[in-house]
Amino acid sequence: MDYKRITMYNRLRDYFIPAAVLDEIFQNHEDITTLESAYDSLIQDGFSEDGAAEKISKLVFEETGIEPDYGLDEEE
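In our numbering, the protein residues as written are 63 to 138.
#1: Nearest CA to the CA of I128: which residue from N72, P80 and D64?
#2: Let me know the alpha helix (DSSP H) ranges lying completely inside the stretch 91-125, each 4 residues or longer, listed in chain order.
#3: Roughly how many angstroms lie between the CA atoms of D64 and T96, to the nearest whole one?
#4: Along the alpha helix (DSSP H) that carries D86, what are the first and last residues, could you check?
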């Protein structure tokens with residue numbers, strides 16, 4: 063089990079990236095390698111793990127054109 067990937071996955075979910083999008087990224091070797099590299103680079107540049115996840119989540123939303131689901135809709 064790769065705890066680093068699990069932690070990264072959970073942090074990205076904290077910034078509302080849909081599980082289906084992350085699942086697709088994590089299942090593709092090239093995509094997960096790119097994601098890990100970007101995440102590690104941001105950490106090395108002084109970002110916290112949360113800061114890196116936030117930056118990456120913004121990029122994912124821009125690139126995919128999807129809107130984050132903050133789950134703030136009131137239940138009826």
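By construction, the Cβ of each residue, glycine as well, lies at the ideal position given by its N, Cα and C atoms.
In terms of the structure at hand:
#1: Measuring from the Cα of I128, the nearest candidate turns out to be P80.
#2: Within the stretch 91-125, the complete alpha helix (DSSP H) runs of at least 4 residues are 91-106.
#3: Distance from the CA of D64 to the CA of T96, rounded to the nearest whole angstrom, comes to 16 Å.
#4: First, the amino acid is wrong: residue 86 is Glu here, not Asp. Per DSSP, the continuous alpha helix (DSSP H) segment holding E86 begins and ends at A81 to Q89.
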